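Novice: Before I ask anything, let me first share the structure, which is written out below as structure tokens.
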Amino acid sequence: MAAIIARRFLISGRVQGVFFRWFAKERADSLSLKGWVCNLPDGKVEVWAEGEEDKIRELRSHLQQGPPEAYVTSVQETEEEPRRIYTNFSISHFYR
């Protein structure tokens, strides 16, 4: 069994009001990742993802592209310790 890792992503650009959270959830679900996505007050989107390293890398690639309506200018990635408390990937309606 592959090791579980965790990453926090901060996505900048035109990423709110363009279905970015739904896009991130759909991609994370297809990769069997766990965690969440939320809008931040500063206009960025934050993603917390836990899963196998190759799946996290694939998610990052999707986040860099974004949905058709988005314009991503940067994706910052931070290595984190897995919390292992998430049972799925969800859209959060509040900042964590």
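Residue numbers (our numbering): 5 to 100.
Idealized CB from N, CA, C, for every residue including glycine.
This one's a predicted model, so the numbers in the text were calculated from it and none came from an experiment.
Comparing alpha-carbon positions, which option in Ser16, Lys48, Val22, Trp40 lies nearest Arg87?
Specialist: Counting from 1 along the sequence shown, the entry for residue 87 is found at position 83. Among Ser16, Lys48, Val22, Trp40, the Cα nearest to that of Arg87 is on Trp40.
Novice: Return no unless some Cβ of chain C is closer than 8 Å to the Cβ of Lys29.
Specialist: Absent from the structure is chain C; it holds one protein chain and no more.
Novice: Could you tell me the alpha carbon to alpha carbon distance between Val79 and Thr91, rounded to whole angstroms?
Specialist: Numbered from 1 along the sequence shown, position 75 holds the residue referred to as residue 79. Numbered from 1 along the sequence shown, position 87 holds the residue referred to as residue 91. Cα to Cα, Val79 sits roughly 25 Å from Thr91.
Novice: In three-state DSSP terms, what is Arg61?
Specialist: Counted from its first residue, the sequence shown places residue 61 at position 57. Three-state DSSP puts Arg61 in a helix.
Novice: Tell me, which residues are paired with Val22 by DSSP?
Specialist: Position 18 of the sequence shown holds residue 22. None, per the DSSP bridge assignment.
Novice: For Ser16, which three-state DSSP category applies?
Specialist: Residue 16 sits at position 12 when you count from the first residue of the sequence shown. It is a strand residue.
Novice: Let's test the definition: count the other Cβ atoms within 10 Å of the Cβ of Ala6 and tell me whether it reaches 16, buried, or not, exposed.
Specialist: Residue numbering aside, residue 6 sits at position 2 when the sequence shown is read from its first letter. Its Cβ having fewer than 16 others within 10 Å, Ala6 is exposed.
Novice: Give a yes or no on whether the C-beta atoms belonging to Ile8 and Val76 are separated by under 8 Å.
Specialist: Looking up residue 8 in the sequence shown gives position 4. Looking up residue 76 in the sequence shown gives position 72. No, they are not a contact pair.
Novice: What whole-angstrom Cβ distance do Val49 and Asn43 have, given they're in contact under 8 Å?
Specialist: The sequence position of residue 49 within the sequence shown is 45, counting from 1. The sequence position of residue 43 within the sequence shown is 39, counting from 1. Indeed they touch by this definition, with Cβ atoms about 6 Å apart.
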